[in-house]
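To start, the structure under review is shown below, and the notes come after it.
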Amino acid sequence: MALTQPHFSRQNLLTRLTPGMGAHYRAQGVWGDETIYDRARAVAEAKPAQVAIRDRGVALTYRDLVDLADRMAARFASEGYKPGDRVAAWISSRCEIAVLLLACARCSLVFCPSLHRNHTAEEIARLLDRMDARLLVFERGYGADAARRTIDAVLTAQGSRVRTRELDPVAPRDAEAISRALDLPADPAPTCDAARADDVVYIAFTSGTTGEPKGVLHSNNTLLSNARAMAGDWGFSDTSVIYTFGPLSHNLGFGALVLTLLVGGELVLHDGARGVSLIDRLREAGATFIFGVPAHAMDLLAEFDRRPDATLDHVRGFRISGAAVPTWLADKMQGYGIVPQSGYGMTEGCSHHYTLPDDPPERIASTSGRACPGYEAMVFEIDDPDRPLPAGEVGHIGGRGASLMLGYFDDQRATERAFNRNGWFMTGDLGRIDADGYITITGRLKEIIIRGGHNIHPARIEQLAMKFPRVERAAALGVADERLGEKVCLVLMSKDGGEITAGEILPHLDRAGLSRFDMPEYLLNVPEIPLSPSGKILKRALVPDIASGQLRPDPVRFGETDA
Numbered sequence: 000m001a002l003t004q005p006h007f008s009r010q011n012l013l014t015r016l017t018p019g020m021g022a023h024y025r026a027q028g029v030w031g032d033e034t035i036y037d038r039a040r041a042v043a044e045a046k047p048a049q050v051a052i053r054d055r056g057v058a059l060t061y062r063d064l065v066d067l068a069d070r071m072a073a074r075f076a077s078e079g080y081k082p083g084d085r086v087a088a089w090i091s092s093r094c095e096i097a098v099l100l101l102a103c104a105r106c107s108l109v110f111c112p113s114l115h116r117n118h119t120a121e122e123i124a125r126l127l128d129r130m131d132a133r134l135l136v137f138e139r140g141y142g143a144d145a146a147r148r149t150i151d152a153v154l155t156a157q158g159s160r161v162r163t164r165e166l167d168p169v170a171p172r173d174a175e176a177i178s179r180a181l182d183l184p185a186d187p188a189p190t191c192d193a194a195r196a197d198d199v200v201y202i203a204f205t206s207g208t209t210g211e212p213k214g215v216l217h218s219n220n221t222l223l224s225n226a227r228a229m230a231g232d233w234g235f236s237d238t239s240v241i242y243t244f245g246p247l248s249h250n251l252g253f254g255a256l257v258l259t260l261l262v263g264g265e266l267v268l269h270d271g272a273r274g275v276s277l278i279d280r281l282r283e284a285g286a287t288f289i290f291g292v293p294a295h296a297m298d299l300l301a302e303f304d305r306r307p308d309a310t311l312d313h314v315r316g317f318r319i320s321g322a323a324v325p326t327w328l329a330d331k332m333q334g335y336g337i338v339p340q341s342g343y344g345m346t347e348g349c350s351h352h353y354t355l356p357d358d359p360p361e362r363i364a365s366t367s368g369r370a371c372p373g374y375e376a377m378v379f380e381i382d383d384p385d386r387p388l389p390a391g392e393v394g395h396i397g398g399r400g401a402s403l404m405l406g407y408f409d410d411q412r413a414t415e416r417a418f419n420r421n422g423w424f425m426t427g428d429l430g431r432i433d434a435d436g437y438i439t440i441t442g443r444l445k446e447i448i449i450r451g452g453h454n455i456h457p458a459r460i461e462q463l464a465m466k467f468p469r470v471e472r473a474a475a476l477g478v479a480d481e482r483l484g485e486k487v488c489l490v491l492m493s494k495d496g497g498e499i500t501a502g503e504i505l506p507h508l509d510r511a512g513l514s515r516f517d518m519p520e521y522l523l524n525v526p527e528i529p530l531s532p533s534g535k536i537l538k539r540a541l542v543p544d545i546a547s548g549q550l551r552p553d554p555v556r557f558g559e560t561d562a
């Protein structure tokens, strides 16, 4: 008997998706039958000359973008890629990310762009193995240890079967140059069978609070549902020019890409050199909306202070993620006619909470918004994730809805443990929800340091520090930083009672394999790091003394010359 299910997937991937889930979200109108590729193709047919995405080297129209994606899809088809195969990219924020995304969306492949600049080649190799990737597109000279080793060399030494394709760093080029670099066929045939909106299209590795990478699975529908909600609430359209400070390897930047393709707008990737005027870059781009973190907003406001006559008349909003929006920042930004969008989200659920354009400044500064259409949140007892709490009480935040992930790749245990009895995804964050549904984040269940949106895991730093011969105990913790949210402070207790200098410990951490992007920026030597009765380090006992100034960490900086 022939299968007649319209949303039947040919991917052999284990996910949380059920027929009932699909029917429920379609009935709500938050899921549909279009893929991300379908959306881009529709724009290419209606407005082929509309610019879809630009970096500092090229601007691709929707016609160029879809043509390149079709030819990439033809290559996948000719080489026997099957639905569900994984394709990865370890490259900077550049237009090729959009090409690969659309090609994967067309062919029912799963795209992983979440391989970050702060990763080492060894870490990338482990992630490629975890996802059983078939292809890696990588950029020469990219990565935390690019000066010392290449991903090709690491994969060859490991006997990996992952195929690779190397790209040069971003430079002036055109669509045909991109085609040559990706070795695309001239003819977009053979073609792939039509993909489904419920197909998994995106895998993003997030360490969450455990330090062990988990591959978050998203379908076209889970990604597009969040984009549809934000587009409706904030009025995004084909006239929108979205400027993203967030790299495409991170959820913030990738979400901006999906939103742009949904509405048929233009995405401008931030790739300017240090010291380049942000105001001039935004004005030149014609930006109407910005995606970034508090540090980006502060840099922009600092430039306004230096240039009091400067204006950004076309910029109407700024999505600020990764940390709470300070009251002074919200007030000052609105003074320039830019409405901050305070938000809360994560890789597993996309940007599911945000403030609205007409929210008062005090609400923008004091909350992280309310759940978008198709998503809901609830606060649960910290010690009992199945017992909900009333409005206003602080507890463990749970969420569920159309933009929630379909599970963790090849990790049944992690997927099961992420949900409570009634299907709420337990975020690991603490907070409260007021009577109007606005959420305020108050803390985290488990230790993690978030520096400018980048997750840093104290346990790894501590483990590597403990390998230094003179270290008796080590504790890595976050200290508050207004611009970046947090920075890493490494607290050391030596075996001999003497001081361990930055010139000793930082090069040791580098040689031991710590990414330079995770390096401590403060160092504190103490005579004693307290222990619990069971012998565990009580690092939180150090926090009040650091916050009060009784203990004063020294600022430190690791440079390549220290290695």
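Sequential numbering of the sequence shown, starting at 0, is according to numbering that gives the first Met the number 0.
From the three backbone atoms N, C-alpha and C, an ideal C-beta is built for every residue, glycine too.
Keep in mind it's a predicted model, so treat the numbers as computed, not measured.
Check whether residue i and residue j have beta carbons under 8 Å apart
i, j, result
"G191", "A88", "It should be noted that the sequence gives Cys, not Gly, for residue 191. Result no, Cβ atoms of C191 and A88 do not sit closer than 8 Å."
"L513", "I432", "no"
"L251", "F204", "no"
"D382", "D54", "no"
"V65", "L114", "no"
"R125", "G406", "no"
"P552", "L523", "yes"
"P82", "R133", "no"
"L268", "A230", "no"
"V478", "I545", "yes"
"S224", "A196", "no"
"E265", "V50", "yes"
"T238", "A255", "no"
"E95", "L166", "yes"
"L59", "A174", "yes"
"G452", "S320", "yes"
"A104", "I52", "no"
In DSSP terms, what residue i is bridged to
i, result
"R399", "E375"
"H352", "Y343, A370"
"V109", "R85"
"D308", "Answer is none; D308 lacks a bridge partner."
"T60", "V50"
"S493", "V470"
Option in the options with minimal Cα separation from residue i
i, options, result
"L277", "I449, T310, L483", "T310"
"P526", "G502, M518, G214, E471", "E471"
"V169", "R162, A180, P18, V161", "A180"
"V292", "I449, L281, A474, L108", "I449"
"D232", "T354, D151, L266", "T354"
"H313", "H453, V240, A194", "V240"
"H118", "A145, M425, L135", "A145"
"P187", "A68, T155, A97", "A68"
"D198", "L483, C106, I536, H295", "C106"
"G344", "G398, R116, F137, E283", "G398"
"E485", "E446, A501, G502", "E446"
"M518", "I528, L530, I504", "I504"
Distance between residue j and residue i (C-alpha atoms, nearest Å)
i, j, result
"D330", "W30", "36 Å"
"G442", "S365", "14 Å"
"H456", "R62", "43 Å"
"A272", "R386", "50 Å"
"L275", "T287", "Note that residue 275 is Val in the sequence shown here, rather than Leu. Those two C-alpha atoms are separated by around 19 Å."
"E375", "G400", "6 Å"
"A474", "Q333", "40 Å"
"R147", "I337", "43 Å"
"S178", "R369", "43 Å"
"T208", "F418", "In this prediction, T208 has a pLDDT of 48, which is less than 50 and means its spatial position is unreliable; nothing more can be read from the coordinates."
"S21", "T149", "A small fix is needed here, since residue 21 is Gly in this sequence, not Ser. Distance between the alpha carbons of G21 and T149: 43 Å."
"A185", "R70", "7 Å"
"G79", "E498", "60 Å"
"A1", "F424", "Because A1 sits at a pLDDT of 40, beneath the cut-off of 50, its placement in the model cannot be relied upon, and the following sentence gives the value as read from the coordinates. Whole-angstrom Cα-Cα distance: 36 Å."
"S533", "L550", "Unreliable positioning characterises S533 in this predicted model, as indicated by a pLDDT of 45, which lies under 50. The coordinate reading is nonetheless provided below. Each residue's alpha carbon lies about 25 Å from the other."
"T500", "F75", "52 Å"
"V109", "M492", "46 Å"
"D298", "T34", "37 Å"
"G214", "E121", "17 Å"
Sequence-distant residues of the same chain with beta carbon closer than 7 Å to residue i, five excluded per side
i, result
"L388", "V378, F379, E380, G394"
"G285", "V240, H313"
"M465", "A473"
"P189", "A73, A76, S77"
CB contact below 8 Å: residue i versus chain C
i, result
"L216", "Included in the structure is just one protein chain, with no chain C present."
Close beta carbons around residue i, own chain, < 6 Å, minus the five adjacent residues each side
i, result
"V257", "L222, A226"
Proximal residues to residue i (C-beta, below 8 Å), its chain only, five neighbours per side dropped
i, result
"P325", "P293, A364, E481"
"L463", "H507, L508, A511, G512, L513"
"S92", "D54, T243, P246, L247, S248, G252, L268, H269, D270"
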